[in-house]
Amino acid sequence: MSFDIAVLNAQTIRDYVLKGLLFSVTLTFVATVGGIILGSLIAMMRLSGRRFIRNTAAAYVNVMRSIPLVMVILWVFLLIPLLIGRPIGANLSAFLTYIAFEAAYFSEIVRSGLRSVPPGQMNASSALGLTYRQSMVLIILPQALRNMLPVLLTQVIVLFQDTSLVYAIGAYDLLKGFETIGKVYGRPIEAYSLATAVYFVISLGLSRAAKRLGRPIPAAPLSAPKMQEAT
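The sequence shown finishes on residue 255 if you use the working numbering, and the numbering steps up by one all the way, no holes.
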């Protein structure tokens, strides 16, 4: 059988792939936003002065990072319906799983970003009369966010690639769209080849953005003060 990619035309892509691409992008976005919010809370718990809170957050992170994502996907998809007494569907199961799973990774990124800011920044802001909340919002978080952005975006790339694992519960994602084309037209090699190219292009674009964000901001050149001529 010869390699013929002509079957993967614009009409075929619209019919089978766009739906899956929309789900993969939506899942990536929702998991990123939800994961960062939940991860920030976990990061603050890990920085807490109370041992119980700190250990609880650490246990959550360690457990999530020690289990394959596909296993968590299956657990949520199969166990939650048993607990609540009704099915929740593949899509909702995927959203819940990825938010909970990615929160463990985002929490470590947020925690590292907060710890990268020198402690003297908080002391200096307190000396200026700022409250803890004002210090975090105006002084600490902007600096931490700058340090976190490249790593956050790198994790988003991994997250986007990992969305292909929802095949385990039958969700219709980007990879599922190409797989369907391969089955319908009998061209699995061509379909998977194009799927690889799409994942590569999207991941490469995000990787370039992460690399650009990681560049240090060049300092403005200092000019020597001009001497005022004596009159």
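Backbone N, C-alpha and C define an ideal beta-carbon position, used for all residues, glycine too. None of these values were measured; they are calculated from a predicted model.
Task: Nearest residue (CA-CA) to Asn234, options Phe202, Ile226, Thr204 and Val175 - done: According to the sequence provided, residue 234 is Ala. The question's Asn does not apply to it. Closest by alpha carbon: Val175.
- [ ] Run the CB neighbour count on Lys200, radius 10 Å, all protein chains shown included, and call it buried at 16 or more, exposed below.
- [x] buried
Open item on the list: By the three-class DSSP mapping on this structure, what secondary structure does Phe27 have?
Closed with: coil
Task: Distance CB(Thr204)-CB(Tyr40) smaller than 7 Å - done: yes
Task: N- and C-terminal bounds of the alpha helix (DSSP H) containing Ser149 - done: Pro143 to Ala151
- [ ] Select from Leu71, Arg75, Met95 and Phe76 the residue whose C-alpha is nearest the C-alpha of Leu189.
- [x] Met95
Task: Inter-residue Cα distance where the pair is Asp186 and Ala151 - done: 46 Å
Open item on the list: Determine whether the beta carbon atoms of Gln167 and Val141 lie at a separation below 7 Å.
Closed with: yes
Open item on the list: Could you tell me the alpha carbon to alpha carbon distance between Pro212 and Phe202, rounded to whole angstroms?
Closed with: 8 Å
Task: Euclidean distance between Cα positions of Ile112 and Phe119 - done: 11 Å
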